[in-house]
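*Asks:*
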Amino acid sequence: MKQNLLTFLLCGILLIGVSYAQNRQVSGKVTSSSDGSGLSGVSVQLKGADRGVQSDENGEFVIEAPSDGSLIFTYVGFESQTVSIQNRSVINVVLQSAFENIEEVTIQIPYGTIKRTSFTGSESTVSSKTFEQQRVTSFTRALEGAVPGLSATNGGGLPGTNANIQIRGVGSVNASSSPLYVLDGVPYSGANIALNTDDIESVTVLKDASATSLYGSRAANGVIMITTKKGRNHSPEVNANIRTGFQNRFIPEYDRINSEQYYELMWEATRNRYVAAGDSEDVANQKASDQLIAGLVYNTTNVPNNQVVLPNGKFNPEARILYQDSWEDALFQSPFKQDYNVNIRGGSNSGNYYISLGYVDEPGITKFSGYERFTGRVNADANVKDWLKTGLSIDGALGEQNNFTTSSTATSNPFYYTRMMGPIYPVWFRDEQGNKVIDPVTGEDMLDWGVPSQYGTRPYAGNSNLLG
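In mature numbering (1 follows the signal peptide of the UniProt record, and there is no 0), the protein residues as written are -21 to -1, 1 to 447.
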């Protein structure tokens, strides 16, 4: 018994010793990369644990940590840093500032650039990285949420459409509130700029009255200055990128009832009208069954009109639905987007150049809508003399935009059309057996227009078919 107790105590002492040997006291100092001064209040946290310490007024710290652990250093205004201990007892860390030196930052202004410290107006700059990350067809869409005080709206959602931009609210009740666009120093009166986002170096938004100093009243609603990419003083560099992908609606369409449920619901509505007119329940039920198809016009089953829904309000179990076309499948799609770009840039002491070609094909989620565009750009600069520098900037774009009308509730709006159309009404004209009818002239399937010459006048959107 004594021997077992002694063995147990010895094992416990050894385990405590091993556990203690795995931890060590780590000390050090945290300094700033700019001037080497100690940083007070730096958070020093053991990675994977919920304990840590803060540096003192001199930037020094002491913490108990495992020999194989890591320490995370974080401080407001500086980039965080993770350091492995690696059996060290002293660790000194230099934190880098998370902000650019404002003395070195330049911004684009009318006819030149200026250091930010010398600029007294209000501006925001969006770099090319923003456009690379968002991959939008129109550069105005990339400004959404990237510039404080800028509102970008696009109610239609048509591919290739520029957003409606307003800077600091509505500038006029009657006149336009759109800003002035300036592309490489050339003013544009509107946002109809078919510009390849791959060619953009930066976009500077001037927001206040200082923008009117050179452009006058045209800049009363602000100025959006676009700077395209230029050549560089190095050997030729070729860049190419291909981006493809599918697009889908972020919010799916509502769930729909099927033809059987639709017949039953319309039978109930018909029965309620007869009851409201004074008929008894039994009489109203029978009338609803007899007159159901007279109101709906279309009988898509294999039973007579007065037997589609029985007087008890249930769909006839002997009936069979011959067809049920999906208007949603006929009018909507999951489009495949393609975006191809290639450019070459280079230069020497005597000049530089930038040449690019681009192609984008962006179909819309509604069929027969989309945007296709070819773009090309040449930017070249030549140093003719020490005192003379010339430049050439040529760009061209060829685009085609197709669309459905989606801004109204008329029968030309595919969203409204599919939601109002009952599931019993077909996309394609059918015979009595439910088979599609071939057009003898075109050899293609005939569309159902909901007119008397076919089944009869459709209650909703008669004499119309958006596929036609």
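Built from N, CA and C at the ideal position, the CB exists for glycine as well.
Model, not experiment: these values are computed from the prediction.
Determine the direct distance from the alpha carbon of G441 to that of T249, and round the result to whole angstroms.
*Replies:* As a first step, residue 249 must be located in the sequence shown, where it is residue number 270. As a first step, residue 441 must be located in the sequence shown, where it is residue number 462. Their backbone Cα atoms lie some 21 Å apart in a straight line.
*Asks:* Is the distance from the Cβ of A131 to the Cβ of T119 below 8 Å?
*Replies:* Counting from 1 along the sequence shown, the entry for residue 131 is found at position 152. Counting from 1 along the sequence shown, the entry for residue 119 is found at position 140. Yes.
*Asks:* With a threshold of 7 Å on Cβ separation, who are the neighbours of T207 within its own chain once the five nearest residues in sequence on each side are excluded?
*Replies:* Position 228 of the sequence shown, counted from the first residue, corresponds to residue 207. Same-chain partners within the cutoff: D163, D178, I179, E180, R356, N358.
*Asks:* Between the alpha carbons of G429 and R114, how many angstroms are there, rounded?
*Replies:* Counting from 1 along the sequence shown, the entry for residue 429 is found at position 450. Counting from 1 along the sequence shown, the entry for residue 114 is found at position 135. Distance between the alpha carbons of G429 and R114: 42 Å.
*Asks:* Taking C-beta to C-beta, are N331 and K209 nearer than 8 Å?
*Replies:* Position 352 of the sequence shown, counted from the first residue, corresponds to residue 331. Position 230 of the sequence shown, counted from the first residue, corresponds to residue 209. With respect to K209, N331 sits close: the two C-beta atoms are nearer than 8 Å.
*Asks:* According to the neighbour-count rule (16 or more other Cβ atoms, all chains shown, within 10 Å of its Cβ), is N227 buried or exposed?
*Replies:* Along the sequence shown, read from residue 1 onward, the residue named residue 227 stands at position 248. Counting Cβ neighbours within 10 Å, N227 comes out exposed, since fewer than 16 surround it.
*Asks:* Looking only at its chain, what residues have a beta carbon closer than 8 Å to the beta carbon of N264, apart from the 5 residues adjacent to it on each side?
*Replies:* By 1-based counting over the sequence shown, the position of residue 264 is 285. So the list reads R250, P290, N291, G292, once near-sequence residues are dropped.
*Asks:* In this structure, does DSSP put I195 in helix, strand or coil?
*Replies:* Sequence index remark: in the sequence shown, residue 195 carries index 216 (1-based). For the sequence presented, residue 195 should be read as Gly rather than Ile. Helix.
*Asks:* Contact defined as beta carbons within less than 8 Å: I believe S268 pairs with N285. What is the distance between those atoms, to the nearest angstrom?
*Replies:* Translated into the one-based positions of the sequence shown, residue 268 becomes position 289. Translated into the one-based positions of the sequence shown, residue 285 becomes position 306. So it is a contact: roughly 6 Å between Cβ atoms.
*Asks:* So M204 and L174 are supposed to be a Cβ contact under 8 Å. How far apart are they, rounded?
*Replies:* One-based indexing of the sequence shown puts residue 204 at position 225. One-based indexing of the sequence shown puts residue 174 at position 195. Wrong, their Cβ atoms sit about 13 Å apart, outside the cutoff.
*Asks:* Find out if the Cβ-Cβ distance for the pair L25, L50 is shorter than 8 Å.
*Replies:* Residue 25 sits at position 46 when you count from the first residue of the sequence shown. Residue 50 sits at position 71 when you count from the first residue of the sequence shown. The answer is yes: Cβ separation under 8 Å.
*Asks:* Taking just the CA atoms, how far does R437 sit from V105?
*Replies:* For the purposes of this step, residue 105 is taken as the residue at position 126 of the sequence shown. For the purposes of this step, residue 437 is taken as the residue at position 458 of the sequence shown. If you take the alpha carbons of V105 and R437, they lie about 53 Å apart.
*Asks:* Among Q145, P127, V126, which has the Cα closest to the Cα of N133?
*Replies:* Sequence index remark: in the sequence shown, residue 133 carries index 154 (1-based). The residue with the shortest Cα to Cα distance from N133 is Q145.
*Asks:* Please classify Y54: is it buried, with 16 or more other beta-carbons within 10 angstroms of its beta-carbon, or exposed?
*Replies:* Within the sequence shown, numbered from 1, the residue matching residue 54 stands at position 75. Y54 counts as buried, since no fewer than 16 other beta carbons sit within 10 angstroms of its beta carbon.
*Asks:* Taking the C-alpha atoms as reference points, what is the distance between V420 and F408?
*Replies:* Taking the sequence shown and counting its residues from 1, one reaches residue 420 at position 441. Taking the sequence shown and counting its residues from 1, one reaches residue 408 at position 429. Each residue's alpha carbon lies about 15 Å from the other.
*Asks:* Give the C-beta separation of Q4 and V41 to the nearest angstrom, bearing in mind that I take them to be a contact with Cβ-Cβ under 8 Å.
*Replies:* Counted from its first residue, the sequence shown places residue 4 at position 25. Counted from its first residue, the sequence shown places residue 41 at position 62. The Cβ separation is near 6 Å, so the contact holds.
*Asks:* Report the residue from V21, P138, Q112 whose alpha carbon sits nearest the alpha carbon of K316.
*Replies:* Your numbering for residue 316 matches position 337 in the sequence shown. When only C-alpha atoms are compared, the closest one is P138.
*Asks:* Give a yes or no on whether the C-beta atoms belonging to F225 and S313 are separated by under 8 Å.
*Replies:* Here the question's residue 225 lines up with position 246 in the sequence shown. Here the question's residue 313 lines up with position 334 in the sequence shown. Yes, they are a contact pair.
*Asks:* Quick check on DSSP: helix, strand or coil for K368?
*Replies:* The count along the sequence shown starts at 1 and reaches residue 368 at position 389. Here K368 sits in strand by DSSP.
*Asks:* For V254, which of helix, strand or coil comes out of DSSP?
*Replies:* Position 275 of the sequence shown, counted from the start, is the residue given in the question as residue 254. If DSSP states are grouped into helix, strand and coil, V254 belongs with the helices.
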